[in-house]
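Participant: First the structure, which I've put down as structure tokens, then a few questions once you've had a look.
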Amino acid sequence: MNITIIGCGYVGLVSGTCLSDIGHNVICIDINKNKINSLKKGIIPIYEDGLEKMIAFNTKKKRLSFTTSYKEAISHSDIIFLCVDTPSNKDGTADLTSIKNTCVSISKHMTSNKIIVEKSSVPVGTSDMIHKIISTNLRKNNKKLNFDVVSNPEFLKEGSAIIDFMKPDRIIIGIDDIKLKPIFDEIYLPFNRKFDKIQYMDIKSAELTKYAANAMLATKISFINEIANIADKLGVDIENIRKGIGADKRIGTEFLYPGCGYGGSCFPKDIKALISTSKANKYNAKLLRSVDEVNDAQKEILSQKISSHFKNKLSGKTFGVWGLAFKPNTDDVRFAPSINLIDYLLANQAIVNAYDPIASIKKSLKHKSRNYKEVSTAIKAIKSADGLIICTEWKEFWSLDIKLFLKYMKQPLIFDGRNIFSPQKMRDSGIIYYGIGRGGKTP
4 MNITIIGCGY
14 VGLVSGTCLS
24 DIGHNVICID
34 INKNKINSLK
44 KGIIPIYEDG
54 LEKMIAFNTK
64 KKRLSFTTSY
74 KEAISHSDII
84 FLCVDTPSNK
94 DGTADLTSIK
104 NTCVSISKHM
114 TSNKIIVEKS
124 SVPVGTSDMI
134 HKIISTNLRK
144 NNKKLNFDVV
154 SNPEFLKEGS
164 AIIDFMKPDR
174 IIIGIDDIKL
184 KPIFDEIYLP
194 FNRKFDKIQY
204 MDIKSAELTK
214 YAANAMLATK
224 ISFINEIANI
234 ADKLGVDIEN
244 IRKGIGADKR
254 IGTEFLYPGC
264 GYGGSCFPKD
274 IKALISTSKA
284 NKYNAKLLRS
294 VDEVNDAQKE
304 ILSQKISSHF
314 KNKLSGKTFG
324 VWGLAFKPNT
334 DDVRFAPSIN
344 LIDYLLANQA
354 IVNAYDPIAS
364 IKKSLKHKSR
374 NYKEVSTAIK
384 AIKSADGLII
394 CTEWKEFWSL
404 DIKLFLKYMK
414 QPLIFDGRNI
424 FSPQKMRDSG
434 IIYYGIGRGG
444 KTP
């Protein structure tokens, strides 16, 4: 089938590439000319394991192409996926500017009936807005054309997005016309060989399902972080509690890993958007507000531990930071806990040498300081450091020889924001260790 993808960001690139990989003829459009020119040369704007090779393969097979021309993209297919950005406004509401502008462009270049598919995360009721904008602009242009709006939210985890797309737990399709089912059955046919993974529902239910899923996962993270903070006060190791409750099949182990807070492009903005939607409908989403507040506070937990240890005297202290991305296997630093932490250290005249395999936060920091450097290896980050701070649990950090801390650091002191090390091993090696919910300071 011919498919058009609007937006060559994370969702658009992964979705378009994977759809082309299963045999569809896909064209991706973005208004950013530099991005499209780079994509045509095989240079991708994001890091996602396996994506670059998949794009190159399907581009060579002529199943995947890129353009800045709306005329070309809209004429290519009668099925158009909206994959544009929907960031948060200052008040927490979703910024739908890109969605609105895209709808105007679609209506301007429509010459046949279309199916408009919401792939981006959008507030409940956005489908009505899309229908209104396109209908209004079609009338203005004297076009007597029909179109349908469908919700097909993405459930991609950064770092494993290709696997998530190619082996989905479920495929949510929100439609108001049952006649559209065969079209989506055909689009997603390769994923339904063992059993039908498509769940059809009304459009608004599909829109809310996306937000509800992310809200549930964010809730689990804030919950375990809250329990971890209590464990610290009680001198209890959260790892025991995590395993104990995770063994309960009703709870499970996924997303029960305490740390220095969640970040990324989805959870923070989707929680805030759902809170705003609730407020607009005169409902006080107390649980969701608490999830958001707990996460905001959790991003300060490492700063508090550091300040307490050094008795608020951070000026001139040198810190190594491991990990800048909000999670491993991605270069995404949006709302990453590392930003809050490093801004705090720089504001207190500390020196920071940070290392991440692929991510950088130089453009995201409020404090532009000569005291901040991004180095090329994990070892360079800890040389002559007064302390090491771990913000992202990259695999390469897990197996480093503990003796390296004793060899290179000014003092062997670790603030582990992802609990990758064993407090017992740190104690046995004479390293001062602070984890998240590991019972306080060790030794």
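For the sequence shown, my numbering begins at 4 and goes up steadily by one. Every residue, glycine too, gets a C-beta built ideally from N, C-alpha and C.
Along the alpha helix (DSSP H) that carries Trp401, what are the first and last residues, could you check?
Facilitator: Here residue 401 refers to the residue found at position 398 when the sequence shown is read from its first residue. Here the alpha helix (DSSP H) through Trp401 covers Lys398 to Trp401.
Participant: Does DSSP put Ser91 in a helix, a strand or coil?
Facilitator: Taking the sequence shown and counting its residues from 1, the one referred to as residue 91 is at position 88. If DSSP states are grouped into helix, strand and coil, Ser91 belongs with the strands.
Participant: Skipping 5 residues on each side, what residues in its chain have a beta carbon closer than 6 Å to that of Asp131?
Facilitator: Position 128 of the sequence shown, counted from the start, is the residue given in the question as residue 131. There are no such residues.
Participant: Provide the residue span of the beta strand (DSSP E) that contains Gln202, from first to last.
Facilitator: Residue 202 sits at position 199 when you count from the first residue of the sequence shown. Taken as a continuous stretch (DSSP letters only), the beta strand (DSSP E) holding Gln202 covers Ile201 to Met204.
Participant: Nearest by alpha-carbon distance to Gly440: which of Lys44, Lys376 and Ala234 is it?
Facilitator: Position 437 of the sequence shown holds residue 440. Gly440 has its Cα closest to that of Ala234, out of Lys44, Lys376 and Ala234.
Participant: I'd like the span of the beta strand (DSSP E) that includes Thr129, first residue to last.
Facilitator: As a first step, residue 129 must be located in the sequence shown, where it is residue number 126. Where Thr129 is concerned, there is no enclosing beta strand (DSSP E), although the alpha helix (DSSP H) it sits in stretches over Thr129 to Lys143.
Participant: Just the C-alpha distance for Ala357 and Ser387, rounded to the nearest angstrom, thanks.
Facilitator: In the sequence shown, residue 357 corresponds to position 354, counting from 1. In the sequence shown, residue 387 corresponds to position 384, counting from 1. Distance between the alpha carbons of Ala357 and Ser387: 13 Å.
Participant: The beta strand (DSSP E) that contains Ser154, what's its start and end?
Facilitator: For the purposes of this step, residue 154 is taken as residue 151 along the sequence shown, with counting starting at 1. From DSSP, the beta strand (DSSP E) with Ser154 extends over Phe150 to Ser154.
Participant: If the criterion is Cβ atoms closer than 8 Å, does the pair Lys302 and Pro340 meet it?
Facilitator: Here residue 302 refers to the residue found at position 299 of the sequence shown. Here residue 340 refers to the residue found at position 337 of the sequence shown. Taking 8 Å as the Cβ cut-off, Lys302 and Pro340 qualify as a contacting pair.
Participant: I need the DSSP call for Lys376, collapsed to helix, strand or coil.
Facilitator: In the sequence shown, counting from the first residue as 1, residue 376 sits at position 373. Here Lys376 sits in strand by DSSP.
Participant: Rank Lys272, Ile190 and Asp188 by C-alpha distance to the C-alpha of Asp299 and give the top, closest one.
Facilitator: On the sequence shown, residue 299 is found 296 positions in, with the first residue counted as 1. The residue with the shortest Cα to Cα distance from Asp299 is Lys272.
Participant: Out of curiosity, what's the CA-to-CA distance linking Ile354 and Gly267?
Facilitator: The sequence position of residue 354 within the sequence shown is 351, counting from 1. The sequence position of residue 267 within the sequence shown is 264, counting from 1. Roughly 26 Å separates the two Cα atoms.
Participant: Alpha carbon to alpha carbon, what distance is there between Gly390 and Gln414?
Facilitator: Residue numbering aside, residue 414 sits at position 411 when the sequence shown is read from its first letter. Residue numbering aside, residue 390 sits at position 387 when the sequence shown is read from its first letter. Spanning the two alpha carbons is a distance of roughly 7 Å.
Participant: Residues in the same chain with beta-carbon distance under 7 Å from Thr105, minus the five sequence neighbours each way, listed in chain order, please.
Facilitator: On the sequence shown, position 102 is the one that residue 105 refers to. The residues are Ile9, Leu85 and Val87.
Participant: Just to check my reading of the structure: Leu42 and Cys11 have Cβ atoms closer than 8 Å, yes? What is that Cβ distance to the nearest angstrom?
Facilitator: As a first step, residue 42 must be located in the sequence shown, where it is residue number 39. As a first step, residue 11 must be located in the sequence shown, where it is residue number 8. Correct: roughly 6 Å between the Cβ atoms.
Participant: Does the Cβ of Arg373 have 16 or more other Cβ atoms within 10 Å, making it buried, or fewer, making it exposed?
Facilitator: Along the sequence shown, one-based indexing puts residue 373 at 370. The residue in question, Arg373, is exposed, as its Cβ has fewer than 16 Cβ neighbours within 10 Å.
Participant: Just how far apart, CA to CA, sit Met113 and Leu291?
Facilitator: Looking up residue 113 in the sequence shown gives position 110. Looking up residue 291 in the sequence shown gives position 288. Computed Cα separation, rounded: 40 Å.
Participant: Go to Thr100, then tell me how far its alpha helix (DSSP H) extends in each direction, as first and last residue.
Facilitator: Taking the sequence shown and counting its residues from 1, the one referred to as residue 100 is at position 97. It spans Thr100 to His112 - the alpha helix (DSSP H) in which Thr100 sits, taken as one unbroken run.
Participant: CA-CA distance, Phe69 and Asn28?
Facilitator: If you number the sequence shown from 1, residue 69 lands on position 66. If you number the sequence shown from 1, residue 28 lands on position 25. Each residue's Cα considered, the two are about 12 Å apart.
Participant: Please go through the same chain and pick out, in chain order, the residues whose beta-carbon is closer than 6 Å to the beta-carbon of Trp401, but skip the five residues on each side of it.
Facilitator: On the sequence shown, position 398 is the one that residue 401 refers to. Taken in chain order, the residues that qualify are Ile423.
Participant: How far does the alpha helix (DSSP H) with Glu75 in it reach, from first residue to last?
Facilitator: Position 72 of the sequence shown holds residue 75. First-last of the alpha helix (DSSP H) with Glu75: Tyr73 to His79.
Participant: Below 6 Å CB to CB, which residues in the same chain sit around Asn351 once its five sequence neighbours on both sides are set aside?
Facilitator: To locate residue 351, count along the sequence shown from 1; it is residue 348. Answer for Asn351: Leu317, listed in chain order.
Participant: Measuring CA to CA, which of Val17, Gly15, Leu16 and Ile30 is closest to Met3?
Facilitator: It is not possible to answer for residue 3, since the shown part of the chain is limited to 4 through 446.
Participant: For Gly463 and Arg66, what's the separation of their Cα atoms in angstroms?
Facilitator: Because the chain in this structure spans residues 4 to 446, residue 463 falls outside the shown range and cannot be described.
Participant: Which residues in the same chain as Val120 place their Cβ atom closer than 7 Å to its Cβ, once the five residues preceding and following it in sequence are excluded?
Facilitator: Numbered from its first residue, the sequence shown carries residue 120 at position 117. Excluding positions up to five away in sequence, the list reads Ile82, Ile83, Phe84, Leu85, Val153 and Asn155.
Participant: Are three or more beta carbon pairs between the region 185 to 193 and the region 248 to 265 nearer than 8 Å?
Facilitator: With the cut-off at 8 Å, the region 185 to 193 and the region 248 to 265 do not touch.
Participant: With a CB to CB cut of under 6 Å and the five nearest residues on each side skipped, what residues in its chain are close to Ile175?
Facilitator: Along the sequence shown, read from residue 1 onward, the residue named residue 175 stands at position 172. Pro156, Gln202, Ala209 and Thr212.
Participant: Under 8 Å between the Cβ atoms of Ser110 and Asn61?
Facilitator: The residue given as residue 110 occupies position 107 in the sequence shown. The residue given as residue 61 occupies position 58 in the sequence shown. Contact: no.
Participant: Is Ala381 closer than 8 Å to Val324 when the C-beta atoms are compared?
Facilitator: Within the sequence shown, residue 324 is the residue found at index 321, counting from 1. Within the sequence shown, residue 381 is the residue found at index 378, counting from 1. Cβ distance not < 8 Å, so Val324 and Ala381 don't count as in contact.
Participant: Using the Cβ count rule (16 or more neighbours within 10 Å means buried), how would you classify Gly449?
Facilitator: Coverage of the chain is limited to positions 4 through 446, which leaves residue 449 absent and any answer about it impossible.
Participant: So, under 8 Å CB-CB, Ala164 and Val17 are touching, yes? Tell me the CB distance rounded to an integer number of Å.
Facilitator: For the purposes of this step, residue 164 is taken as the residue at position 161 of the sequence shown. For the purposes of this step, residue 17 is taken as the residue at position 14 of the sequence shown. Sure, about 5 Å apart at Cβ, within 8 Å.
Participant: Report the three-state DSSP secondary structure of Glu303 (helix, strand or coil).
Facilitator: Numbered from 1 along the sequence shown, position 300 holds the residue referred to as residue 303. Coil, per DSSP.
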